[in-house]
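The next block holds one structure in the form of structure tokens; read it before the comments.
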Amino acid sequence: MYMENQKKPLIYYWLIALAVMFVINWLVLPMFANNTVQEVSYNVFLDELEAKNIDQVQVNEDVIYYSLKEDTNEEPQTMIFPGQQQHEMLYCTVRMQDNMLVDRLYAAGANFSAIEPKEVSPWMSSLIMFLLFFLFWRLVFGRMMKKGGFGANAMAFGKSNAKVYVKAQTGKTFKDVAGQDEAKEALKEIVDFLHNPAKYTSVGAKMPKGALLVGPPGTGKTLLAQAVAGEANVPFFSISGSEFVEMFVGMGAAKVRDLFKQAGEKAPCIVFIDEIDTIGKKRDGNGMGGNDEREQTLNQLLTEMDGFDATKGVVILAATNRPETLDKALLRPGRFDRRIPVELPDLQGREAILKVHAAKIKMEDNIDFGAVARATSGASGAELANIINEGALRAVRMGRDKVSQTDLEESVEVILAGYQRKGAVISKEEKAIIAYHEVGHALVAALQKNSAPVHKITIIPRTSGALGYTLQIDEGEKFLMNKEEAFNKIATLTGGRVAEEIQFNSITTGASNDIEQATRMARAMITRYGMSDEFGMVALETINNQYLGGDTTLACSNETATRIDAAVIAMVKEAHDKAYQIISSHKDKLDEISAYLLEKETITGEEFMEILERKLEETTEANLEA
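In terms of my numbering, the sequence shown opens at residue 4 and continues consecutively.
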């Protein structure tokens, strides 16, 4: 924000500097010349020659310079600066073809001499421009350096640029952190040590020098570090790992030295390095002659962590979402002694986070945060905060001064599937296909055991590209999934395509996302979860960047990979056949619920189950009568 405010004045400074240089070049510098020259016609020159008024003259090949005698000079003499010597007025004219000119000048009493006007020395001009630029640089950029702006980065080589906060600036405590009880418990000991170091030193215990916060993005790692500083009421140095990366070799290491020097001067304090994987990656030995800038920075960090005394109260906190890339030397005891996981919150944690962020928002009294928490399984703290904010924005759009339950539920859908595309025009035929597709998902989910209940079905298109979706929400938090549940999930994913096949005897592109999810689940069951009779408990796949998407890599031979592909295809086909059997045996329910969905466009799980159970009861009674 500061940099944006600095751009406009900086342009003004440059314009002023250019204007000053223009004035100096055109007005001031010419005054350094020894003479002022006035051009006259050759006729005037001849008249002065006839009147014998010419004093000094210089005849060049093309130009004639001359001065007049003092008693005939009507023009005032030129003053450069007060107190400076006066100089004669010079005149110049074009030389004409006149072979007798020199003789006539001699006869008129003119003195032949070198009176050609002297120009400003290039050295003088360059010196003046350099001095002006130097003064401008000191004036403008010196002020920015004091404010920590652009000039600070340009001139302060080797400075850490770490932001220093105190409690009054951060205002964060453990009360502002929810859903991370285990991480808070691990950090409370550090806070207690900063408050009462004698309690630990009397026993001979040493406080860990550093703690590494590890977890997915948005889980509150930076917030936890700020809360520790707020609880301990000590200075808080905050710097990102990318700020150590410099173009010049050695500058990153110099910044590390300066950071720890400042921390030692302000001890007790907390130093927080965000995204430490930027400078803490594993050393591979491929640097240019061992002079790689990143490696030098890492080596300096390792040295500084070994060199300072932890009893002084300097605690190093760092955060990363790529712990597998960190150098082993950075993680050994004596450096980052503790590894504190900051994972995605569970059901209770999500509800607590929602309440923390909702405390700053005007809410209605009947808000069920538990329902919102159940609908947001796998959401991070940042995403939950965004849900609360989206709900507040929706309340404003609807003209209300308080957030309702409907606002929060709609904001959940916005985060999951995007905003409603109210202007989208979909034909009746395509709407029917979408309705049957979504009801197919819901039917398979409802008519299977160990499947999450249907919460909502809609055919309103969303900005994410979804033309409709079926939302399932578990009643409680589940940490494990058995083989039957995983297989039923694949069958539910294939239910949409099966409904299209049965009703329209054709297939569309609408099942692309379902196919992708079903294939991914089937592959994970075989390669990672050991849910295949053929391969058993053999790890055939490794996870890369578990906190950043969790991409996988096969760890097997080509022959085994071929067999895995065949097993995945067979499993998905088996799930498809199961879904086909379920929907074909309940074709009348598919038609009725799809027609109701086409009419309403959105139905709740209660409405869906009411129609389904009513039809089931009717079918049972008919069978009994028969």
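All C-beta atoms, glycine included, are put in the ideal place defined by N, C-alpha and C.
For the region 437-520, list the beta strand (DSSP E) runs that are entirely contained and at least 3 residues long, ordered along the chain. 457-461, 472-475
For the beta strand (DSSP E) containing Thr605, name the first residue and the last one. For this step, residue 605 is matched to residue 602 along the sequence shown. Thr605 -> beta strand (DSSP E) spans 605-607.
Per-residue burial, Thr461 [other beta carbons within 10 Å of its own, 16 or more giving buried]: Mapped onto the sequence shown, residue 461 falls at position 458. Looking at its Cβ environment, which holds 16 or more other Cβ atoms inside 10 Å, Thr461 is buried.
Inter-residue CB distance, Val447 and Ala385 (contact presumed, cutoff 8 Å): The residue labelled residue 447 in the question sits at position 444 within the sequence shown. The residue labelled residue 385 in the question sits at position 382 within the sequence shown. The Cβ separation is near 34 Å, so there is no contact.
Using the DSSP secondary-structure output, state which residues sit across from Asp277 in a beta bridge. Here residue 277 is taken as the residue at index 274 of the sequence shown, counted from 1. In the DSSP output, where bridge partners are listed per residue, Asp277 has Ser243.
Could you tell me how far apart the beta carbons of Phe538 and Ile546 are, in whole angstroms, since I believe they sit closer than 8 Å? As a first step, residue 538 is located in the sequence shown; it is residue number 535 there, counting from the start. As a first step, residue 546 is located in the sequence shown; it is residue number 543 there, counting from the start. So it is not a contact: roughly 17 Å between Cβ atoms.
How far does the beta strand (DSSP E) with Asp536 in it extend, from its first residue to its last? Within the sequence shown, residue 536 is the residue found at index 533, counting from 1. Run containing Asp536: none; DSSP gives neither H nor E here.
Skipping 5 residues on each side, what residues in its chain have a beta carbon closer than 6 Å to that of Met612? As a first step, residue 612 is located in the sequence shown; it is residue number 609 there, counting from the start. Here Met612 has no same chain residue with a Cβ atom under 6 Å from its own Cβ, once five neighbours each way along the sequence are excluded.
Determine the DSSP secondary structure at Val60, reduced to helix, strand or coil. Counting from 1 along the sequence shown, the entry for residue 60 is found at position 57. Strand at Val60.
What are the boundary residues of the beta strand (DSSP E) that Pro344 is part of? For the purposes of this step, residue 344 is identified with residue 341 of the sequence shown, where counting begins at 1. Looking at the DSSP string, the run of the beta strand (DSSP E) that includes Pro344 is 339-344.
Can you look up Lys576 in the DSSP assignment and give me helix, strand or coil? Position 573 of the sequence shown, counted from the first residue, corresponds to residue 576. Helix, per DSSP.
Which same chain residues, not among the five before or five after Arg377, have their C-beta less than 6 Å away from its C-beta? The residue labelled residue 377 in the question sits at position 374 within the sequence shown. So the qualifying residues of the chain are Ile476.
Following the continuous beta strand (DSSP E) through Glu73, name the residue where it begins and the one where it ends. As a first step, residue 73 must be located in the sequence shown, where it is residue number 70. It is not in any beta strand (DSSP E) - Glu73 carries neither H nor E in the DSSP assignment.
Just mark Tyr94 as buried or exposed, buried being the case when its beta carbon has 16 or more other beta carbons within 10 Å. Translated into the one-based positions of the sequence shown, residue 94 becomes position 91. Answer is buried; the Cβ neighbour count reaches 16.
Would you kindly work out how many angstroms separate the C-alpha atoms of Ala514 and His198, rounded to a whole number? Within the sequence shown, numbered from 1, the residue matching residue 514 stands at position 511. Within the sequence shown, numbered from 1, the residue matching residue 198 stands at position 195. Their Cα atoms are separated by approximately 59 Å.
Between Gly608 and Val457, what straight-line distance do the alpha-carbon atoms span, to the nearest angstrom? Taking the sequence shown and counting its residues from 1, one reaches residue 608 at position 605. Taking the sequence shown and counting its residues from 1, one reaches residue 457 at position 454. About 5 Å.
Mapping DSSP to helix, strand and coil, what is Val180? In the sequence shown, counting from the first residue as 1, residue 180 sits at position 177. It is coil, neither helix nor strand.
Ignore the nearest five residues each way along the sequence and tell me which others in Leu18's own chain have a CB closer than 8 Å to its CB. Start at 1 with the first residue of the sequence shown, and residue 18 comes out as number 15. Answer for Leu18: no residue qualifies.
Helix or strand or just coil, what does DSSP make of Tyr94? By one-based count along the sequence shown, residue 94 stands at place 91. Looking at Tyr94 - three-state DSSP - the assignment turns out to be strand.
Using CA atoms only, rank isn't needed, just tell me which of Gly213, Thr96, Tyr109 is closest to Val66. As a working note, residue 66 is residue 63 in the sequence shown. Out of Gly213, Thr96, Tyr109, Thr96 has the C-alpha closest to the C-alpha of Val66.
Once the 5 residues before and after Asp410 are set aside, which same chain residues still bring their CB inside 7 Å of it? Here residue 410 refers to the residue found at position 407 of the sequence shown. Counting only Cβ-Cβ distances below 7 Å, and skipping sequence neighbours, we find Gly394, Arg397, Ala398.
Beta-carbon separation (whole angstroms), Glu234 vs Thr176, contact threshold 8 Å: Taking the first residue of the sequence shown as 1, we reach residue 234 at position 231. Taking the first residue of the sequence shown as 1, we reach residue 176 at position 173. Yes, Glu234 and Thr176 are in contact; Cβ-Cβ is about 5 Å, under 8 Å.
Residue closest to Ile343, alpha-carbon to alpha-carbon, out of Asp554, Asp261, Ala270, Thr225: The sequence position of residue 343 within the sequence shown is 340, counting from 1. The option with the nearest alpha carbon to Ile343 is Thr225.
Assuming Ile273 and Ala232 are in contact, meaning their beta carbons sit under 8 Å apart, how far apart are those beta carbons, in whole angstroms? As a position in the sequence shown, residue 273 is number 270, starting the count at 1. As a position in the sequence shown, residue 232 is number 229, starting the count at 1. Correct: roughly 5 Å between the Cβ atoms.
Nearest to Leu598 (by Cα), restricted to the options Lys481, Glu432, Arg526, Ala573: Here residue 598 corresponds to residue number 595 of the sequence shown, with the count starting at 1. Note that residue 598 corresponds to Ala in the displayed sequence, not to Leu. Out of Lys481, Glu432, Arg526, Ala573, Glu432 has the C-alpha closest to the C-alpha of Ala598.
Smallest Cα separation from Ala113: which of Ser430, Glu51, Glu544, Leu134? On the sequence shown, residue 113 is found 110 positions in, with the first residue counted as 1. Minimum Cα distance to Ala113 is reached at Glu51.
When the Cα atoms are used, what is the spatial distance from Thr522 to Pro271? Position 519 of the sequence shown, counting from 1, holds the residue named residue 522. Position 268 of the sequence shown, counting from 1, holds the residue named residue 271. Thr522 and Pro271: Cα-Cα distance of roughly 54 Å.
Restricting to Cα atoms, I'd like to know which of Leu350, Asn392, Met92 is closest to Lys363. Translated into positions along the sequence shown, residue 363 becomes position 360. Considering only alpha carbons, the answer is Asn392.
Runs of beta strand (DSSP E) wholly within the region 543-592 (minimum 3 residues, chain order): 544-547, 554-557
What separation, rounded to the nearest whole angstrom, lies between the Cα atoms of Leu304 and Thr281? The count along the sequence shown starts at 1 and reaches residue 304 at position 301. The count along the sequence shown starts at 1 and reaches residue 281 at position 278. Leu304 and Thr281 have their C-alpha atoms roughly 13 Å apart.
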